[in-house]
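There are 2 protein chains.
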Amino acid sequence: MKKHNFAAGPSILPRPVIESAAKAVLDFEGIGLSVLEISHRTKEFEAVIEEASSLMKELLNIPEGYQVLWLAGGASTQFYFVPFNFLEKKAGYVNTGVWAKKAMKEAVNFGETIEVASSEDKNNTYIPKGYKIPEDLDYLHITSNNTIFGTEYHEDIDCPVPLIADMSSDILSRPVDVSKYVMIYGGAQKNIGPAGVTFVIVKEDALGKVTRKIPSMIDYRTHIKNGSMFNTPPVFPIYVVRENLKWVKEQGGVAEIQRRNQAKAKVLYDEIERNSMFMSPVAVEDRSLMNVPFVYSEKYKDMETSEFIDFSKKYGMVGLKGHRLVGGFRASIYNSLPIESVQALVECMQEFEKQYAK
Amino acid sequence: MKKHNFAAGPSILPRPVIESAAKAVLDFEGIGLSVLEISHRTKEFEAVIEEASSLMKELLNIPEGYQVLWLAGGASTQFYFVPFNFLEKKAGYVNTGVWAKKAMKEAVNFGETIEVASSEDKNNTYIPKGYKIPEDLDYLHITSNNTIFGTEYHEDIDCPVPLIADMSSDILSRPVDVSKYVMIYGGAQKNIGPAGVTFVIVKEDALGKVTRKIPSMIDYRTHIKNGSMFNTPPVFPIYVVRENLKWVKEQGGVAEIQRRNQAKAKVLYDEIERNSMFMSPVAVEDRSLMNVPFVYSEKYKDMETSEFIDFSKKYGMVGLKGHRLVGGFRASIYNSLPIESVQALVECMQEFEKQYAK
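Structure below.
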């Protein structure tokens, strides 16, 4: 049975990317060796990492003065890299849920850390707006898409202080005005590639402004100077990223991907609104195009979550269980999830309603 | 033409491991999804990471009280993790070359850091012995195998203070008395798996003795508490590690691997001694069984390195170029390099001698 992969991350990748990855594991570009057993200093791999960076620059229209880095670890690693490199006196964080709070927690040991705005009063079901950003911040940190709660900034905000965004789960899902940020980062394992590599887009002249000593590996300038090859990078994850970025470009780039994402999200949100058994807990204007949490509607709120989960498995649905902080269900509909999978989910929800609605 | 892969790292992996990895990229254990697109929280992946840890414990006979961790990054990441977690007042480092020095460099910002012994006087061609280890050290750090210079500790040393070893390039190549160390760590990309994951074997009761605040992701206790899943781990590299550890076990374990490594090294070192055109720059008793640097003998010292490199390529040899700090050539003969590749290299060296010796 065909599987429809709604996992929140690590998550679905395009089939051609997977096939290319499997081929490279057996024989990397016809050199007679696996991509798993070649030196990162080979000209073949250097071409891969360079192409990955230049594709990122092209796809996101990254201005001059910014560098693209491929580092080991995930966004959680960047949670302490950020204050190490940017926090001299005072940092501001917008609290939009679990990951935003985790990022903020790692800053407190480095300097004054303030919560500039929060959506905790309503279980993080919206994106705070209209708050005042203090002008004495070294930076403001936002989480542009909230995987757990299903909220998303749909536009790049204006910010009077350097802006840093964790875009782990919505990078490449829409065009971004990179010039509004000093740094954008994220784990690859949602929209860019497999787990094990992190992308960092950083404005070079924003670095070097803190007085503390930074371990070489934590200092972004080390990695800029060495083209992400100060130490052995995660070779295979970067290979898969390059293949995936090529795929994004072949699809027509980020604008076309955004168009598809909007179409996919509309199909799903429309069904959640229509279906008598389900509802969305998220404020309409802040609903994520990447992660769509939904719960049983009021009338059915005492039904077991497992009823719909078990039902959906018969339709090949994977990864639909909601996060425990929201409950219910969550469909992650990242870039590479085809609309056919969303349609299959909608049919499954409709069939569930036919069989279970009272 | 069959390739003989002597790369220093990332380096050769057993063919069955590569084939298994390629299969899992296409379909992970028959679940209809790629290993690249499954959540690390699936029961299938949890079984993989648990088996990897239990195989490490079994193969290295790791005593009670130690934990095995799989973290993102490489040994270079651990260079700052180590002082963060262990350096309260004073640390000692044995300087056996580039990587040992890089590790030492990251400690200096955390506390007093002393070089307890060094082999720099003879271009790191030996392992220092007979030095005094100050008893007031928080730890002594050694690099058990020196990839660049081709020296290796062949035994676990006695140490009056907590001993920490970077075993990136000789882990699993011989039985180790883990009880002599508080921590052993290394990048996977030589003897354990592909680039992108680091193993850490750490004695639990040696942790928690420093007063500084440690970022969550740098604190080993975070990863112990969460079974290496505090954040998304490098899923695919860990999968390949598990496959490789299974392979080591199938071969007969670390004792059998050591026997093979000794046999392979003997064949190669014997030829270096015999061949009139080559010599080893390394002290006989400290020669590495993993990385074998060799240079032209005195009589041929003006020959271009490229002559033998180009010649060897015709025999399918890959990765033989020596590190610039040593010059000449280097054959890395890790666990999974078959003796047939060493024999092919020896034949190539003999043929070179026939054609070029004067």
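Chains as they are written, first to last, in this note's numbering: chain A, 1 to 358; chain B, 1001 to 1358. Even glycine gets a Cβ: it sits at the ideal position worked out from N, Cα and C. Because the structure is a prediction, the values reported are computed rather than measured.
Would E46/A pass as an interface residue toward chain B - the criterion being a Cβ-Cβ separation below 8 angstroms? Position 46 of the first sequence, counting from 1, holds the residue named residue 46/A. Chain B contact via Cβ: absent.
Since E1037/B and N5/A should fall inside the 8 angstroms C-beta cutoff, what is the C-beta to C-beta distance between them, to a whole number of angstroms? Within the second sequence, the letter at position 37 stands for residue 1037/B. Within the first sequence, the letter at position 5 stands for residue 5/A. Yes, E1037/B and N5/A are in contact; Cβ-Cβ is about 6 angstroms, under 8 angstroms.
What are the partner residues of R1330/B, as DSSP defines its beta bridges? Looking up residue 1330/B in the second sequence gives position 330. DSSP, once it has assigned bridges, lists P1293/B as partnering R1330/B.
Measure the alpha-carbon distance for V1282/B versus T1151/B and round it to whole angstroms. The residue given as residue 1282/B occupies position 282 in the second sequence. The residue given as residue 1151/B occupies position 151 in the second sequence. Approximately 7 angstroms between the Cα atoms of the pair.
May I have the straight-line CA-CA distance separating G1193/B from V1094/B, to the nearest angstrom? Your numbering for residue 1193/B matches position 193 in the second sequence. Your numbering for residue 1094/B matches position 94 in the second sequence. When rounded, the distance between both Cα atoms is 27 angstroms.
So, I148/A versus V98/A, is the Cβ gap smaller than 8 angstroms? Counted from its first residue, the first sequence places residue 148/A at position 148. Counted from its first residue, the first sequence places residue 98/A at position 98. A contact, by the Cβ cut-off of 8 angstroms.
P1237/B and P234/A look like a contact to me (Cβ under 8 angstroms); what is the Cβ gap, rounded to whole Å? The residue you call residue 1237/B lines up with position 237 of the second sequence. The residue you call residue 234/A lines up with position 234 of the first sequence. Confirmed, Cβ separation roughly 7 angstroms.
Entirely within the segment 1158 to 1239 of chain B and at least 4 residues each: give me those alpha helix (DSSP H) ranges in chain order. 1220 to 1225
What first and last residue would you give for the alpha helix (DSSP H) that runs through Y1356/B? To locate residue 1356/B, count along the second sequence from 1; it is residue 356. Per DSSP, Y1356/B belongs to the alpha helix (DSSP H) from 1339 to 1356.
When the cut-off is 8 angstroms and only beta carbons count, does T1143/B lie next to chain A? As a first step, residue 1143/B is located in the second sequence; it is residue number 143 there, counting from the start. Chain A contact via Cβ: absent.
I think T1198/B touches G1187/B, with their Cβ atoms under 8 angstroms apart; what is that distance to the nearest whole Å? Along the second sequence, read from residue 1 onward, the residue named residue 1198/B stands at position 198. Along the second sequence, read from residue 1 onward, the residue named residue 1187/B stands at position 187. The Cβ separation is near 6 angstroms, so the contact holds.
Give me the subset of the segment 213 to 227 of chain A whose CB atoms are less than 9 angstroms from a CB atom of chain B, sorted by chain position. K213, I214, P215, S216, M217, I218
For F311/A, which three-state DSSP category applies? To locate residue 311/A, count along the first sequence from 1; it is residue 311. F311/A: helix per DSSP, three-state reduction.
Need the endpoints of the beta strand (DSSP E) that E1115/B sits in, please. For this step, residue 1115/B is matched to residue 115 along the second sequence. Per DSSP, E1115/B belongs to the beta strand (DSSP E) from 1112 to 1118.
Length-filtered (4 minimum) alpha helix (DSSP H) runs lying within the segment 1060 to 1108 of chain B: 1075 to 1086, 1098 to 1107
Contact under 8 angstroms by Cβ, Y1258/B with S1179/B: Residue numbering aside, residue 1258/B sits at position 258 when the second sequence is read from its first letter. Residue numbering aside, residue 1179/B sits at position 179 when the second sequence is read from its first letter. For the record, residue 1258/B in the displayed sequence is Gln; it is not Tyr. In this structure, S1179/B does not lie closer than 8 angstroms to Q1258/B by Cβ.
If the cut is a Cβ gap below 8 angstroms, which residues of chain B does L26/A touch? Position 26 of the first sequence, counted from the first residue, corresponds to residue 26/A. Neighbours of L26/A on chain B, chain order: I1018, E1019, A1022.
Pick from V1326/B, N1335/B, Y1334/B that is closest to K1122/B, judged by C-alpha positions: Counting from one through the second sequence, the residue named residue 1122/B turns up at place 122. Selected option, being the one with the closest Cα: V1326/B.
Contact between the segment 1258 to 1269 of chain B and the segment 1106 to 1126 of chain B: three or more CB pairs below 8 angstroms? no
Measure the alpha-carbon distance for Q1350/B versus S1280/B and round it to whole angstroms. Here residue 1350/B refers to the residue found at position 350 when the second sequence is read from its first residue. Here residue 1280/B refers to the residue found at position 280 when the second sequence is read from its first residue. Those two C-alpha atoms are separated by around 16 angstroms.
Looking at L13/A and I1018/B, is the spacing between their C-beta atoms short of 8 angstroms? Position 18 of the second sequence, counting from 1, holds the residue named residue 1018/B. Position 13 of the first sequence, counting from 1, holds the residue named residue 13/A. Contact: no.
Between R1330/B and A1195/B, what straight-line distance do the alpha-carbon atoms span, to the nearest angstrom? Here residue 1330/B corresponds to residue number 330 of the second sequence, with the count starting at 1. Here residue 1195/B corresponds to residue number 195 of the second sequence, with the count starting at 1. Their backbone Cα atoms lie some 20 angstroms apart in a straight line.
With Y1220/B and N1085/B assumed to form a contact (beta carbons below 8 angstroms), what rounded beta-carbon distance in angstroms separates them? As a first step, residue 1220/B is located in the second sequence; it is residue number 220 there, counting from the start. As a first step, residue 1085/B is located in the second sequence; it is residue number 85 there, counting from the start. Confirmed, Cβ separation roughly 6 angstroms.
Roughly how many angstroms separate the alpha carbons of Q189/A and K1358/B, rounded to a whole number? Translated into positions along the first sequence, residue 189/A becomes position 189. Translated into positions along the second sequence, residue 1358/B becomes position 358. C-alpha separation (whole angstroms): 58 angstroms.
Is A1206/B near V1182/B, with beta carbons less than 8 angstroms apart? Counting from one through the second sequence, the residue named residue 1206/B turns up at place 206. Counting from one through the second sequence, the residue named residue 1182/B turns up at place 182. Yes, these two residues count as a Cβ contact at 8 angstroms.
Report yes or no: do the segment 1053 to 1062 of chain B and the segment 1241 to 1254 of chain B share at least 3 C-beta pairs separated by less than 8 angstroms? yes
Can you check whether the C-beta of I38/A is within less than 8 angstroms of a C-beta belonging to chain B? Against the first sequence, residue 38/A aligns to sequence position 38. Cβ-Cβ to chain B under 8 angstroms: yes for I38/A.
How would you write the range of the alpha helix (DSSP H) that I142/A sits in, first residue to last? Position 142 of the first sequence holds residue 142/A. Unbroken run through I142/A is the beta strand (DSSP E), 139 to 143; no alpha helix (DSSP H).
Taking 8 angstroms as the cut-off, decide whether the C-beta atoms of G950/B and A1007/B are in contact. No answer is possible for residue 950/B: it lies beyond the span of chain B, which begins at 1001 and ends at 1358.
R324/A in three-state terms, based on DSSP: Counting from one through the first sequence, the residue named residue 324/A turns up at place 324. Here R324/A sits in coil by DSSP.
Please say whether V68/A and Y239/A have beta carbons closer to each other than 8 angstroms? In the first sequence, the residue the question calls residue 239/A occupies position 239. In the first sequence, the residue the question calls residue 68/A occupies position 68. The answer is no: Cβ separation not under 8 angstroms.
For V1284/B, which three-state DSSP category applies? Reading the second sequence from its first residue, position 284 is the one you call residue 1284/B. Helix at V1284/B.
Report yes if the C-beta of K89/A is less than 7 angstroms from at least one heavy atom of the ligand ZN; otherwise report no. As presented, the structure is devoid of all ligands, the ligand ZN included, so that no description of it is given.
Applying a beta-carbon distance threshold of less than 8 angstroms, which residues of chain E neighbour G1009/B? Within the model displayed, chain E is absent; protein chains A and B are what it includes.
Hey, is V235/A's beta-carbon within less than 8 angstroms of any beta-carbon in chain B? In the first sequence, counting from the first residue as 1, residue 235/A sits at position 235. Judged by the 8 angstroms Cβ criterion, V235/A is in contact with chain B.
State the DSSP-derived secondary structure class of T1125/B, mapped to helix, strand or coil. Within the second sequence, the letter at position 125 stands for residue 1125/B. T1125/B: coil per DSSP, three-state reduction.
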